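J.:
2 protein chains.
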Amino acid sequence: MSQKLSPVEALDLWQRVCVASVRQDVPDLSARQMALLLTVYLTPPPHTVRGLAGILNVSKPAVTRAVDRLGELGMVKRKVDEYDRRSVLIQRTVKGSVFLREFGDTIVAASAPSSDVNSD
Amino acid sequence: MSQKLSPVEALDLWQRVCVASVRQDVPDLSARQMALLLTVYLTPPPHTVRGLAGILNVSKPAVTRAVDRLGELGMVKRKVDEYDRRSVLIQRTVKGSVFLREFGDTIVAASAPSSDVNSD
DNA sequence: AGACTTTGTTTCAGTATCGTATCTATTTAC
DNA sequence: GTAAATAGATACGATACTGAAACAAAGTCT
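So the protein sequences, as listed, match chains A and B. 40 is the number of the first residue of the first sequence in the working numbering; add one for each residue after it. 40 is the number of the first residue of the second sequence in the working numbering; add one for each residue after it.
#1: Of the residues that make up the segment 135-147 of chain A, which ones have a beta carbon closer than 8 Å to any beta carbon in chain B?
#2: What is the rounded straight-line gap between the Cα of residue 119(A) and the Cα of residue 97(A)?
#3: Using a Cβ-Cβ cut-off of less than 7 Å, give me the residues of the segment 57-74 of chain B that come near chain A, in sequence order.
#4: Report the neighbours of residue 107(B) on chain A: residues whose CB is nearer than 7 Å to its CB, in chain order.
#5: For residue 63(B) and residue 102(B), what's the separation of their Cα atoms in angstroms?
#6: To which residues does DSSP link residue 130(A) through a beta bridge?
#7: Taking DSSP's pairing of strands, which residues face residue 87(B) in a bridge?
#8: Near residue 80(B), what residues of its chain come up, given a Cβ to Cβ distance below 8 Å and the 5 sequence neighbours on each side ignored?
#9: Which class does residue 45(A) belong to by DSSP, given the choice of helix, strand or coil?
#10: Compare the beta carbon distance of residue 70(A) and residue 61(B) with 8 Å and say whether it is the shorter of the two.
#11: Residue 51(B) CB to nearest chain A CB: under 8 Å?
#12: Alpha carbons only, please: which of 87(B), 49(B) and 53(B) is nearest the one belonging to residue 123(B)?
#13: Based on the DSSP secondary-structure assignment, which residues constitute the bridge partners of residue 98(A)?
#14: Counting only C-beta atoms, is residue 78(B) closer than 8 Å to chain A at any point?
#15: So which residues of chain B does residue 95(A) contact, with C-beta pairs closer than 7 Å?
#16: Should residue 143(A) be labelled buried (16 or more other beta-carbon atoms within 10 Å of its own) or exposed?
#17: At the 8 Å Cβ level, is residue 46(B) part of the contact set with chain A, yes or no?
#18: Rounded to the nearest angstrom, what separates residue 107(A) and residue 49(A) at their Cα positions?
#19: Expressed to the nearest angstrom, what Euclidean distance is found between the alpha-carbon atoms of residue 150(B) and residue 56(A)?
#20: Pick out whichever of 109(A), 133(A), 66(A) and 59(A) has its Cα sitting closest to the Cα of residue 75(A).
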């Protein structure tokens, strides 16, 4: 069954995760960049610039820039669609997978603060 | 009992919340700004520039900038400490409280996708 | 009083991102 | 084959953020 999460607990979780993430050497991604990255990894492909712009409700150049940035970081990569060479498919990378796996662990750790007391 | 949250579930939650947040007219806060905002609202005061810089492990000018930005948005406000006029206390605002309450509701809604009444 | 410490802001050059409009490349329609 | 439509990238001027260093203001110490 899905757990019940109160608004206060939810915000508290979000705070711990954000702080833990910021404290690391992780690049300071904006909400848009994070939303794009997670969408590429967690929703079924293909992912195009136009499609992501629609999902995130932002302009196409904004998506292009976010993909540029995440590409520089090695988190995603571009690939021209073979069947419609106008389109660009945004794909996952090994580095991005590792980053998100660690990030998931960060969330899990932040959601169970009672277990053990190691806070740094 | 504390709910068990798997890494995949955690990332999935994060994705839904980030996307929902980005889709709104909400300003595109960086992870640092969000971490600062949440820390001001969810951890006991007082909150100083120096203290926040330590908590977030960023430079003091970075905190000043984030407070500038969040102040422009009406999310936090500054107040000189009466007892040590060198210090600046970063305090909550009504607008920030409203924003975070709504954000908490967004997280709760994203964590209970089974009751899908509407998706916008 | 004077020197020193602490706090936060400002300056600086450099980089990143923004939205709108324009551009190139590709596909489709006629 | 030529025009229209589509997808994504780029140009543009504007704004925001970066860390390091210098700064002003306020407190502390002797």
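We treat Cβ as the ideally placed atom computed from N, Cα and C, and that holds for glycine. Keep in mind that this is a model prediction, so the values were computed, not measured.
T.: Reading from the atomic positions:
#1: Those residues of the segment 135-147 of chain A that come within reach of chain B (Cβ to Cβ, closer than 8 Å) are 139, 140, 142, 143, 144, 146 and 147.
#2: In a straight line, the C-alpha of residue 119(A) is about 22 Å away from that of residue 97(A).
#3: Of all residues in the segment 57-74 of chain B, 57, 58, 60, 61, 62, 67, 68, 69, 70, 71, 73 and 74 have a Cβ within less than 7 Å of some Cβ in chain A.
#4: Residues of chain A passing the Cβ test: none, with the nearest at roughly 16 Å.
#5: Approximately 25 Å, taken between the alpha carbons.
#6: Partner(s): 116(A).
#7: BP columns for residue 87(B) point to 128(B).
#8: Short of 8 Å from the beta carbon of residue 80(B), and not among the five residues preceding or following it, lie these beta carbons of its own chain, in chain order: 131, 135, 136 and 139.
#9: In the displayed model, residue 45(A) falls within coil according to three-state DSSP, outside both helix and strand.
#10: When the beta-carbon positions are compared, residue 70(A) and residue 61(B) come within less than 8 Å of each other.
#11: Yes, its Cβ sits closer than 8 Å to a Cβ of chain A.
#12: Ranked by how close their Cα comes to the Cα of residue 123(B), the residues 87(B), 49(B) and 53(B) have 87(B) in first place.
#13: Residue pairing by DSSP leaves residue 98(A) without any beta bridge partner.
#14: For residue 78(B), the answer is yes, since a Cβ of chain A falls inside 8 Å of its Cβ.
#15: Those are 58, 61 and 62, listed as they occur along chain B.
#16: Here residue 143(A) is buried, its C-beta having at least 16 other C-beta atoms within 10 Å.
#17: Judged by the 8 Å Cβ criterion, residue 46(B) is in contact with chain A.
#18: Residue 107(A) and residue 49(A): Cα-Cα distance of roughly 32 Å.
#19: When the Cα atoms are used, residue 150(B) and residue 56(A) turn out to be separated by approximately 16 Å.
#20: Closest option to residue 75(A), Cα to Cα, is 109(A).
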